[in-house]
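The next block holds one structure in the form of structure tokens; read it before the comments.
See below:
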């Protein structure tokens, strides 16, 4: 749902303490920062516990499931390669709930940052390295939390918002429910379950305050049609895109294919991979690099928009 705020969490399979390793925690945060930038997410709160993570995230134009599938998929693939292991790293699909209402949002941010205190890992949230609390209170440079967005939940003036946040942390710290698993939290009610962000395209309309749609309509084109369009736009042949050639034009053509097919046509990376005889992780890299290229290069952005328009009206 476009612009919604979600509480997201996911556990590692078999209770694995993956984030007990500072190196693994840093790698995960690097991926989150990368996807946050390319997908237009806003991070309001975060915490990495040894066996799981929590995020409070506001979505941009892309659906949440796309961003989280990329985050978890990239981390799992790289982790398993580093450790030469097979099988699922995560316990299952992430869990997410839309959180609405001023009081619930205030409590959500405090709850996430109090996780290590409630688990006995730290005496106070400011003494725990792997959360956004120290960023919010100015103890460390903000690397992930969008400070202004988060403080705006607590008040219009920065000083008053900081005091309100600190008071909420103290208040939530005294609540019995703060020890509960996410499924038992006040905002994870049966009513809220209807707003769960599923691992696939959402069919609920994304609207602004006046009820107008803000979500880009899906382009109804197959991967083969997108590939043909990329060849027309770039002058490259399909065989060249499928080859091992790594010149700038060919690399950009592959990234154009990935961005339009996945982001605009809602194709899976496995479908794009089959089209060119490439593995899904290779296409995921094209997609990530293409998203960054689109932000950095106006010409590439125009190619994406032109190809989308051609496919939409073709």
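Numbering (our numbering), first residue to last: 1 to 314.
Note that the Cβ used here is the ideal one computed from N, Cα and C, for glycine as well.
Just so it is clear, the structure is predicted and the values come from calculations on it, not from any experiment.
#1: Taking the runs of the alpha helix (DSSP H) that are 4 residues or longer, which of them lie wholly in the region 10-51?
#2: Can you tell me the Cα-Cα spacing of residue 39 and residue 260, whole angstroms?
#3: Ignore the nearest five residues each way along the sequence and tell me which others in residue 19's own chain have a CB closer than 6 Å to its CB.
#4: Less than 8 Å between C-beta atoms, sequence neighbours within five positions excluded: which residues of the same chain meet that for residue 135?
#5: In chain order, what residues of the same chain have a beta carbon less than 7 Å from the beta carbon of residue 219, not counting five sequence neighbours either side?
#6: CB-CB under 6 Å to residue 75, same chain, minus the five flanking residues each way: which ones, in chain order?
#7: Do you know whose CA, among 107, 130 and 234, lies nearest residue 175's CA?
#8: Beta-carbon within less than 6 Å of residue 94's beta-carbon, same chain only, minus the 5 sequence neighbours each way: which residues are those?
#9: Under the DSSP definition of a beta bridge, which residues are partnered with residue 55?
#10: May I have the straight-line CA-CA distance separating residue 112 from residue 165, to the nearest angstrom?
#11: What distance in whole Å lies between the Cβ atoms of residue 257 and residue 230, which are believed to be in contact at a cut-off of 8 Å?
#12: If you follow the beta strand (DSSP E) that residue 97 is part of, which residue opens it and which one closes it?
#13: With a threshold of 8 Å, are at least 3 pairs of Cβ atoms found where one atom belongs to the region 113-120 and the other to the region 87-105?
#14: Considering Cα atoms alone, identify which of 221, 167 and 70 is closest to residue 316.
#15: Go ahead and label residue 85 buried or exposed: buried means 16 or more other beta carbons lie within 10 angstroms of its beta carbon, across all protein chains shown.
#16: Does residue 131 come out as helix, strand or coil in the three-state DSSP assignment?
#17: My guess is that residue 315 and residue 105 are in contact by the Cβ rule of under 8 Å, so how many angstroms apart are they, rounded?
#18: Return helix, strand or coil for residue 188, following the three-state DSSP convention.
#19: Applying the 10 Å Cβ sphere with the 16-neighbour rule, what's the burial state of residue 41?
#20: If residue 151 and residue 168 are in contact, beta carbons under 8 Å, what's the gap, nearest whole angstrom?
#21: Can you tell me which residues form a DSSP beta bridge with residue 90?
#22: Taking only runs that begin and end inside the region 228-278, name each unbroken alpha helix (DSSP H) of 4 or more residues, in chain order.
#23: Given a threshold of 16 other Cβ atoms within 10 Å of its Cβ, counted over all protein chains shown, does residue 245 qualify as buried or as exposed?
#24: Which of the three DSSP states, helix, strand or coil, is assigned to residue 153?
#25: Can you check which of these residues, 225, 253 and 182, is closest to residue 55 by C-alpha distance?
#26: Would you call residue 185 buried or exposed, if buried means 16 or more other Cβ atoms sit within 10 Å of its Cβ?
Based on what the coordinates show:
#1: 22-39
#2: The residue labelled residue 39 in the question sits at position 39 within the chain shown. The residue labelled residue 260 in the question sits at position 260 within the chain shown. Roughly 14 Å separates the two Cα atoms.
#3: In the chain shown, the residue the question calls residue 19 occupies position 19. Taken in chain order, the residues that qualify are 25, 48 and 50.
#4: As a working note, residue 135 is residue 135 in the chain shown. For residue 135, where only same-chain residues beyond five positions count, the Cβ hits under 8 Å are 141, 142, 143, 144, 145 and 147.
#5: In the chain shown, residue 219 corresponds to position 219, counting from 1. Closer than 7 Å at Cβ, skipping near neighbours: 264, 265, 308, 311 and 312.
#6: To locate residue 75, count along the chain shown from 1; it is residue 75. These residues qualify, in order along the chain: 28 and 31.
#7: Your numbering for residue 175 matches position 175 in the chain shown. The candidate whose alpha carbon is nearest that of residue 175 is 107.
#8: The sequence position of residue 94 within the chain shown is 94, counting from 1. Excluding residues within five positions, the ones whose Cβ falls inside 6 Å are 8, 10 and 68.
#9: What you label residue 55 is simply residue 55 of the chain shown in a count that begins at 1. Note: residue 55 sits in a beta bridge opposite 8 and 46.
#10: The sequence position of residue 112 within the chain shown is 112, counting from 1. The sequence position of residue 165 within the chain shown is 165, counting from 1. Taking the straight line joining both Cα atoms gives about 13 Å.
#11: Translated into the one-based positions of the chain shown, residue 230 becomes position 230. Translated into the one-based positions of the chain shown, residue 257 becomes position 257. Right, the Cβ-Cβ distance comes to about 5 Å (below 8 Å), so this counts as a contact.
#12: In the chain shown, counting from the first residue as 1, residue 97 sits at position 97. Taken as a continuous stretch (DSSP letters only), the beta strand (DSSP E) holding residue 97 covers 95-98.
#13: no
#14: What is shown of the chain runs 1 to 314, which leaves residue 316 out entirely.
#15: Along the chain shown, read from residue 1 onward, the residue named residue 85 stands at position 85. The residue is exposed, with fewer than 16 neighbouring Cβ atoms inside 10 Å.
#16: On the chain shown, residue 131 is found 131 positions in, with the first residue counted as 1. DSSP places residue 131 in strand when its eight states are reduced to three.
#17: The first residue shown for the chain is 1 and the last is 314, placing residue 315 beyond what the model contains.
#18: As a working note, residue 188 is residue 188 in the chain shown. Three-state result, residue 188: coil.
#19: Counting from one through the chain shown, the residue named residue 41 turns up at place 41. Buried, because 16 or more other Cβ atoms sit within 10 Å of the Cβ of residue 41.
#20: Here residue 151 refers to the residue found at position 151 when the chain shown is read from its first residue. Here residue 168 refers to the residue found at position 168 when the chain shown is read from its first residue. 12 Å between Cβ atoms; not a contact.
#21: Numbered from its first residue, the chain shown carries residue 90 at position 90. Answer by DSSP bridge pairing, in chain order: 12.
#22: 238-242, 248-258 and 269-276
#23: The residue labelled residue 245 in the question sits at position 245 within the chain shown. So residue 245 ends up on the exposed side.
#24: By one-based count along the chain shown, residue 153 stands at place 153. Coil, per DSSP.
#25: Locating residue 55 in the chain shown gives position 55, counting from the first residue. Taking only the C-alpha atoms, the option nearest residue 55 is 182.
#26: The residue labelled residue 185 in the question sits at position 185 within the chain shown. Result: buried.
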